[in-house]
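J.: Residue 1 is where the sequence shown starts when you use UniProt numbering, and the numbers rise one by one after that.
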Amino acid sequence: MAPSPARCSVNCMRMHYPYDQLPAAGTAFEVAAGVRWLRMPLPFALDHVNLWLLADDDGWAAVDTGIALDAIKDTWTQLLGEYRLTRQFVTHCHPDHLGLAAWLEQQSGARLWITQGEFAIAHLLRAGIDGFGYQAMVAFYARHGLDEARLAALESRGHAFLRGVPEMPPSFIRLHDGDDILIGGRHWRIITGSGHSPEHAALYCDESRVLISGDMLLPRITTNVHVGAAAPENDALQEYLVSLERFLPLPPDTLVLPSHGKPFRGLHERIAQLQRHHAQRCEVLLKAAATPAPKSAAELLPALFDRDISDPHQLQFAMGETIAHINYLTRRQRLLPEDDGRVLRYRAA
Numbered sequence: 001m002a003p004s005p006a007r008c009s010v011n012c013m014r015m016h017y018p019y020d021q022l023p024a025a026g027t028a029f030e031v032a033a034g035v036r037w038l039r040m041p042l043p044f045a046l047d048h049v050n051l052w053l054l055a056d057d058d059g060w061a062a063v064d065t066g067i068a069l070d071a072i073k074d075t076w077t078q079l080l081g082e083y084r085l086t087r088q089f090v091t092h093c094h095p096d097h098l099g100l101a102a103w104l105e106q107q108s109g110a111r112l113w114i115t116q117g118e119f120a121i122a123h124l125l126r127a128g129i130d131g132f133g134y135q136a137m138v139a140f141y142a143r144h145g146l147d148e149a150r151l152a153a154l155e156s157r158g159h160a161f162l163r164g165v166p167e168m169p170p171s172f173i174r175l176h177d178g179d180d181i182l183i184g185g186r187h188w189r190i191i192t193g194s195g196h197s198p199e200h201a202a203l204y205c206d207e208s209r210v211l212i213s214g215d216m217l218l219p220r221i222t223t224n225v226h227v228g229a230a231a232p233e234n235d236a237l238q239e240y241l242v243s244l245e246r247f248l249p250l251p252p253d254t255l256v257l258p259s260h261g262k263p264f265r266g267l268h269e270r271i272a273q274l275q276r277h278h279a280q281r282c283e284v285l286l287k288a289a290a291t292p293a294p295k296s297a298a299e300l301l302p303a304l305f306d307r308d309i310s311d312p313h314q315l316q317f318a319m320g321e322t323i324a325h326i327n328y329l330t331r332r333q334r335l336l337p338e339d340d341g342r343v344l345r346y347r348a349a
């Protein structure tokens with residue numbers, strides 16, 4: 001069955017955005033006591049990533065680093081003249097979050113704090129080992145029916161992850177789910193989740209009612225829920241939906257600091273929206289698959305993404321998310337797979 005959306009309770013706060021302005025380039029904007037917001041550029045359709053500075057005992061702890069671009073290094077160089085970094089917390093392994101961790105450690109001495117799952121997967125992706133290489137990704141999408149032209153466009157990107165994360169710190173301090181970490185006299189609890197990445201770490205401070213949600217809870221766009229070649233049958237959507245529920249006990253007035261978009265309040269309403277979104281996507285996919293001939297993920301992709309997906313970066317996300325919804329429905333026997341030995345196809349049960 002499709003995911004059942006939770007109802008927003010009577011205490012559910014409506015979503016709203018307390019800050020209209022964006023941080024100017026090279027500046028940090030205060031959003032809560034001891035919490036400052038940085039905004040760094042990205043060379044993609046999603047053109048920015050939010051980073052955060054937390055007041056620490058003798059400086060500032062950074063949350064996420066930005067992708068490895070010279071322009072972002074220049075901005076950090078400017079900021080490091082004002083903000084002494086004590087440590088780096090990285091929510092997950094994607095390049096816009098981890099990319100400059102090694103460089104920042106070299107510049108400031110700030111050690112990396114990250115979950116073991118994210119640190120390990122980053123190394124596998126950088127090495128391109130087995131199912132973690134871009135060639136495996138291309139073969140995986142060919143198995144799911146992607147045409148030669150778009151496969152060639154994906155292959156032409158080469159080892160994009162290695163460009164985004166050109167080096168890694170030699171060691172790390174491991175974050176665990178439930179860890180209580182004292183930062184600048186305030187307690188921050190680690191809340192892990194998966195579906196978007198293997199062991200994503202969000203940070204929550206009950207005293208300040210602030211959640212640094214990373215990519216797990218975004219205000220306007222939906223988190224990319226992704227299946228890749230290394231774990232082709234993974235039920236990433238179920239993992240993500242279960243992870244979302246871990247934020248439900250947080251207070252209604254929690255200020256959510258996402259990695260993309262503006263800070264917002266109303267996390268319970270947003271969680272309900274995301275649950276409804278994925279339930280609707282599953283129904284759309286089932287309707288598209290209710291045809292006499294079975295369809296591949298590539299043939300079903302337009303049902304979920306009713307726009308041109310020609311950019312290889314966006315195509316990778318769209319294929320991974322389509323397969324995530326297919327795996328969810330296949331696990332629940334609402335889609336039935338058919339394998340001709342070359343391409344996997346699916347029909348509605």
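Ideal placement from N, C-alpha and C gives every residue a C-beta, glycine not left out.
From residue 20 to residue 52, what distance separates their C-alpha atoms?
T.: When rounded, the distance between both Cα atoms is 17 Å.
J.: Just mark residue 96 as buried or exposed, buried being the case when its beta carbon has 16 or more other beta carbons within 10 Å.
T.: That one is buried.
J.: Quick one: is residue 262 buried, meaning 16 or more other Cβ sit within 10 Å of its Cβ, or exposed?
T.: Counting Cβ neighbours within 10 Å, residue 262 comes out buried, since at least 16 surround it.
J.: Taking residue 372 as the reference, give the member of 176, 113, 267 and 162 with the closest Cα.
T.: Nothing can be reported for residue 372: it is not among the residues displayed for the chain, which extend from 1 to 349.
J.: Near residue 137, what residues of its chain come up, given a Cβ to Cβ distance below 6 Å and the 5 sequence neighbours on each side ignored?
T.: Answer for residue 137: 229, listed in chain order.
J.: So, does the segment 132-146 touch the segment 189-200, judging by three or more C-beta pairs under 8 Å?
T.: No, the segment 132-146 is not in contact with the segment 189-200.
J.: Would residue 185 and residue 259 qualify as a contact pair, given that the criterion is a beta-carbon distance under 8 Å?
T.: The answer is no: Cβ separation not under 8 Å.
J.: Would you report the Cα separation of residue 90 and residue 340, rounded to the nearest angstrom?
T.: Using only the alpha carbons, I get a separation of about 42 Å.
J.: Just to confirm the assignment, what range does the beta strand (DSSP E) spanning residue 63 have?
T.: Element bounds for residue 63: 59-63.
J.: So, with DSSP's three-state summary, where would you put residue 296?
T.: In this structure, residue 296 counts as coil in the three-state DSSP scheme.
J.: I need the DSSP call for residue 40, collapsed to helix, strand or coil.
T.: Three-state result, residue 40: strand.
J.: Closer than 7 Å by C-beta to residue 233: which residues in its own chain qualify, once you throw out the five before and the five after it? Chain order, please.
T.: 327.
J.: Find out if the Cβ-Cβ distance for the pair residue 143, residue 113 is shorter than 8 Å.
T.: Not closer than 8 Å, so no.
J.: Between 141, 166 and 165, which lies nearest to residue 154 when the distance is taken from Cα to Cα?
T.: Measuring from the Cα of residue 154, the nearest candidate turns out to be 141.
J.: With the cut-off set at 8 Å, would you say residue 265 and residue 254 are in Cβ contact?
T.: Yes, they are a contact pair.
J.: Check whether the Cβ atoms of residue 84 and residue 60 lie closer than 8 Å to each other.
T.: Against a cut-off of 8 Å, the Cβ pair of residue 60 and residue 84 comes out as a contact.
J.: Considering residue 164, what are the terminal residues of the alpha helix (DSSP H) in which it resides?
T.: Run containing residue 164: 160-164, per the alpha helix (DSSP H) assignment.
J.: Report all residues from its chain with a CB closer than 6 Å to the CB of residue 246; omit the five preceding and five following residues, and keep chain order.
T.: Excluding residues within five positions, the ones whose Cβ falls inside 6 Å are 191.
J.: I want to know whether the segment 116-128 touches the segment 274-284 - three or more CB-CB distances under 8 Å.
T.: No: fewer than three Cβ pairs fall under 8 Å.
J.: With a threshold of 8 Å, are at least 3 pairs of Cβ atoms found where one atom belongs to the segment 303-312 and the other to the segment 282-295?
T.: Yes, the segment 303-312 touches the segment 282-295.
J.: To which residues does DSSP link residue 264 through a beta bridge?
T.: Residue 264 pairs with 256.
J.: Quick check: the Cα distance between residue 347 and residue 70, rounded to an integer number of angstroms?
T.: Between residue 347 and residue 70, the C-alpha separation is close to 47 Å.
J.: Tell me, please, which residues DSSP counts as bridged to residue 338.
T.: For residue 338, which the question treats as bridged, DSSP gives the partners 345.
J.: Can you tell which of 126, 244 and 149 has the C-alpha that lies nearest to the C-alpha of residue 315?
T.: The shortest C-alpha separation from residue 315 is found at 149.
J.: For residue 56, does the count of other Cβ atoms within 10 angstroms reach 16, so buried, or fall short, so exposed?
T.: That one is buried.
J.: Three-state secondary structure (DSSP) at residue 1?
T.: Below a pLDDT of 50, predicted positions are generally treated as unreliable, and residue 1, at 40, falls in that range; no measurement from the model is reported.
J.: Going along the chain, which residues of its own chain have a beta-carbon closer than 6 Å to the beta-carbon of residue 31, five neighbours each way excluded?
T.: Answer for residue 31: 37 and 263, listed in chain order.
J.: Could you check how far apart the C-beta atoms of residue 158 and residue 298 are, in whole angstroms? I think they sit under 8 Å.
T.: 22 Å between Cβ atoms; not a contact.
J.: Note the first and the last residue of the continuous beta strand (DSSP E) segment covering residue 32.
T.: Run containing residue 32: 29-32, per the beta strand (DSSP E) assignment.
J.: Going by C-alpha distance, which of 187, 331 and 235 is nearest residue 321?
T.: Of the candidates 187, 331 and 235, the one whose C-alpha sits nearest the C-alpha of residue 321 is 235.
J.: Taking only runs that begin and end inside the segment 122-205, name each unbroken alpha helix (DSSP H) of 4 or more residues, in chain order.
T.: As far as the segment 122-205 is concerned, its whole alpha helix (DSSP H) runs of at least 4 residues are 134-143, 148-156 and 160-164.
J.: Is DSSP giving residue 327 helix, strand or coil here?
T.: Residue state, collapsed to three classes: helix.
J.: Grab me the residues of residue 250's own chain with a C-beta within less than 7 Å of its C-beta, minus the 5 sequence neighbours each way, in chain order.
T.: Closer than 7 Å at the Cβ level, and outside the excluded window around residue 250, lie 204, 211 and 267.
J.: Under 8 Å: do the segment 122-129 and the segment 162-170 share three or more Cβ pairs, one atom per stretch?
T.: Contact holds: three or more Cβ-Cβ distances are below 8 Å.
J.: Just how far apart, CA to CA, sit residue 94 and residue 333?
T.: If I take the Cα positions, the gap works out to 32 Å.
J.: Quick check: what's the CA-CA separation for residue 313 versus residue 131?
T.: Using only the alpha carbons, I get a separation of about 18 Å.
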